[in-house]
Amino acid sequence: MTIDPDAEFTALVHRQSRFVFRVAYAVLLNSHDAEDAVQETFLKLYRNRGWQHVENERAYLARVAWREAVDLRPRRTQAAASSPELVELDEAPSLQPGPEQALLSANHQSTIHAMIDALPEELRVPLALSAFDELHSPEIGTILGIPEGTVRTRLQRARQILRQKLVSLQESRYA
Amino acid sequence: MHEKDHLDRMLESSLSSYGDPGVDSGLAERVLARVSNERAPHQSAPIWRSRLVLWAALPAAACLLLSLVLWKHSGPVTHPSGGFAESASSNHSSKVPGFENVRPPAPKTVPKTTTRILHRTFAKVADSAARPKQDVFPLPQPLSPEEQALIAMATAPASSARENLIASQRQLDAPLEIPTINIAPITKPDPGAK
Numbered sequence: 228m229t230i231d232p233d234a235e236f237t238a239l240v241h242r243q244s245r246f247v248f249r250v251a252y253a254v255l256l257n258s259h260d261a262e263d264a265v266q267e268t269f270l271k272l273y274r275n276r277g278w279q280h281v282e283n284e285r286a287y288l289a290r291v292a293w294r295e296a297v298d299l300r301p302r303r304t305q306a307a308a309s310s311p312e313l314v315e316l317d318e319a320p321s322l323q324p325g326p327e328q329a330l331l332s333a334n335h336q337s338t339i340h341a342m343i344d345a346l347p348e349e350l351r352v353p354l355a356l357s358a359f360d361e362l363h364s365p366e367i368g369t370i371l372g373i374p375e376g377t378v379r380t381r382l383q384r385a386r387q388i389l390r391q392k393l394v395s396l397q398e399s400r401y402a
Numbered sequence: 313m314h315e316k317d318h319l320d321r322m323l324e325s326s327l328s329s330y331g332d333p334g335v336d337s338g339l340a341e342r343v344l345a346r347v348s349n350e351r352a353p354h355q356s357a358p359i360w361r362s363r364l365v366l367w368a369a370l371p372a373a374a375c376l377l378l379s380l381v382l383w384k385h386s387g388p389v390t391h392p393s394g395g396f397a398e399s400a401s402s403n404h405s406s407k408v409p410g411f412e413n414v415r416p417p418a419p420k421t422v423p424k425t426t427t428r429i430l431h432r433t434f435a436k437v438a439d440s441a442a443r444p445k446q447d448v449f450p451l452p453q454p455l456s457p458e459e460q461a462l463i464a465m466a467t468a469p470a471s472s473a474r475e476n477l478i479a480s481q482r483q484l485d486a487p488l489e490i491p492t493i494n495i496a497p498i499t500k501p502d503p504g505a506k
């Protein structure tokens with residue numbers, strides 16, 4: 228019994244599109260750009276049938292999506308630099324006022340999201356990947372092309388920074 | 313410790329929803345629509361290719377058909393002057409029976425390119441027909457004047473010719489006789505006479 232490749236691909240898109248979006252968002256920090264990266268990722272997969280015969284589907288998809296987002300980022304940065312209106316409409320959270328101010332008008336989750344956005348990319352992407360299901364340090368290292376020890380170091384550093392910011396925010400709230 | 317656990321829970325909760333577009337965002341449908349748009353031109357490609365091949369083959373087939381029709385129904389027509397076509401037709405068509413009178417159409421009525429194609433076709437057909445085949449070679453042809461003369465010479469009664477040949481050989485074998493040369497002595501001319 229043979230499986231229709233198109234049906235298999237459709238099932239893959241339904242199963243993993245959100246995951247791929249989150250990987251792309253961790254790099255691009257913009258929903259529109261992340262969706263473009265998702266579409267490009269799945270288009271490339273469909274063209275070369277790259278999803279077939281893959282052992283770790285999520286790790287493979289994460290790597291493809293991460294590379295696609297990294298490739299997409301310079302183009303978007305140049306486009307934003309050439310049109311100032313886009314900067315205002317599409318401004319990245321890291322350019323916003325500090326997460327401390329966002330805390331005043333938003334709930335905890337959005338505040339922490341803004342804190343994650345404000346992290347350097349080398350810390351933010353491993354942290355976002357580690358939050359997804361079934362992705363551990365060795366797989367993250369394979370996806371990003373860095374050693375497993377470096378992944379662990381960066382994860383600890385990212386969590387440490389977030390915790391410190393949360394503590395300082397809570398202290399300022401109760402002060 | 314309690315504080316750390318609370319912060320960790322907050323972090324884990326926020327990280328689990330970080331960058332999540334949501335279940336009902338329609339992202340998968342948009343991706344599939346984009347993929348199906350990409351797939352549509354590839355599916356129609358074979359039809360496009362077959363049409364292109366058909367349009368490319370049509371002129372060639374028309375030329376071939378025209379050449380066949382002209383070959384069957386052509387009469388003696390004057391050659392266009394010079395060029396490859398004339399040499400090709402003179403080299404091949406005169407040797408093959410049935411092709412002596414095959415001439416290309418007049419250059420004024422047929423375009424030059426068509427004439428060239430026709431001549432090439434004729435040359436190819438004549439060339440392939442001129443090749444000897446085991447069951448029909450040599451081709452039945454009337455003897456040329458040179459061949460007839462050769463046969464007449466070979467089959468003529470050889471007595472007189474043989475005698476002439478022997479006589480000429482004897483003449484060649486006989487010693488040379490050189491007659492004496494008598495040259496009158498030079499006399500001094502008379503100074504008074506002119």
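Taken in order, these protein sequences are the chains called W and C.
For the first sequence, the working numbering gives the first residue as 228, with consecutive numbering after it.
For the second sequence, the working numbering gives the first residue as 313, with consecutive numbering after it.
For every residue, glycine included, the Cβ atom is placed at its ideal position computed from N, Cα and C.
- In the three-state reduction of the DSSP assignment, C:K500 falls in the coil class.
- For W:G368, the enclosing alpha helix (DSSP H) stretches over residues S364 to L371.
- Contact check for W:A292 against W:V352 fails: the beta carbons are separated by 8 Å or more.
- Between C:R342 and W:L270 the beta-carbon gap is near 12 Å, outside 8 Å, which marks them as no contact.
- Each of W:R245, W:S337, W:L389 and W:F359 was checked against the Cα of W:P347, and the nearest Cα belongs to W:L389.
- Along the stretch 315-329 of chain C, the positions whose C-beta sits under 9 Å from a C-beta of chain W are E315, K316, L319, D320, M322, L323, E324, S325, S326, L327, S328 and S329, read in chain order.
- With respect to the C-alpha of C:D320, the residue from W:R249, W:Q336, W:R379 and W:R300 having the closest C-alpha is W:Q336.
- The beta-carbon separation of C:Y330 and W:H340, rounded to 6 Å, stays under the 8 Å limit for a contact.
- Within the model, the alpha-carbon separation for C:A468 versus C:R482 is close to 23 Å.
- Interface criterion not met: the Cβ of C:P371 is under 8 Å from no Cβ in chain W.
- The Cβ atoms of W:R300 and W:V265 lie no closer than 8 Å to each other.
- Assignment of C:Q453 by DSSP, reduced to helix, strand and coil, places it in the coil class.
- At least one CB atom of chain W sits nearer than 8 Å to the CB of C:V347.
- When DSSP states are grouped into helix, strand and coil, W:D231 belongs to the coil group.
- Scanning its chain for C-beta atoms nearer than 8 Å, with the 5 sequence neighbours on each side dropped, one finds around W:A286 the residues L362, E366, T369 and I370, in chain order.
- C:N494 carries a coil assignment under DSSP once its states are collapsed to helix, strand and coil.
- In chain W, no part has a C-beta under 9 Å from the C-beta of C:D336; the shortest such distance is about 11 Å.
- By the 16-neighbour rule on beta-carbons within 10 angstroms, W:V250 is buried.
- Residue range E375 to Y401 is occupied by the alpha helix (DSSP H) that includes W:Q383.
- Rounded to whole angstroms, the gap between the alpha carbons of W:P374 and C:M322 is 28 Å.
- Minimum Cα-Cα distance from W:R290 among the listed residues W:R386, W:Q243, W:L256 and W:N257 corresponds to W:Q243.
- For C:L477, the uninterrupted alpha helix (DSSP H) run begins and ends at S471 to D485, by DSSP.
- Put simply, the backbone Cα of W:S364 is about 14 Å away from that of W:R386.
- Taking a Cβ-Cβ threshold of 9 Å, the residues of chain C close to W:R386 are D320 and L323, in chain order.
- Taking 8 Å as the upper bound for CB-CB distance, W:A358 and C:S328 are in contact here, some 6 Å apart.
- When 7 Å is used as the limit between beta carbons, C:A340 is near these residues of chain W: V240, H241 and S244, in chain order.
- Under the 8 Å criterion on CB atoms, W:R381 is classed as non-interfacial with respect to chain C.
- DSSP places W:P301 within a helical segment (H, G or I) once states are collapsed to three.
- Here the alpha carbon of C:S480 sits roughly 21 Å from the alpha carbon of C:P491.
- By the criterion of a C-beta distance shorter than 7 Å, W:H241 is surrounded by no residue of its chain, once the five residues flanking it on both sides are discounted.
- Using a Cβ distance threshold of 8 Å, W:R294 and C:D332 do not count as a contacting pair.
- Contact note: W:A253 reaches chain C through Y330 and G331, using a C-beta cutoff of 8 Å and chain order.
- Note on C:I429: 16 or more other CB atoms within 10 angstroms of its CB, so buried under the neighbour-count rule.
- A Cβ-Cβ distance of about 5 Å is found for the pair W:R381 and W:L350, placing them in contact under the 8 Å criterion.
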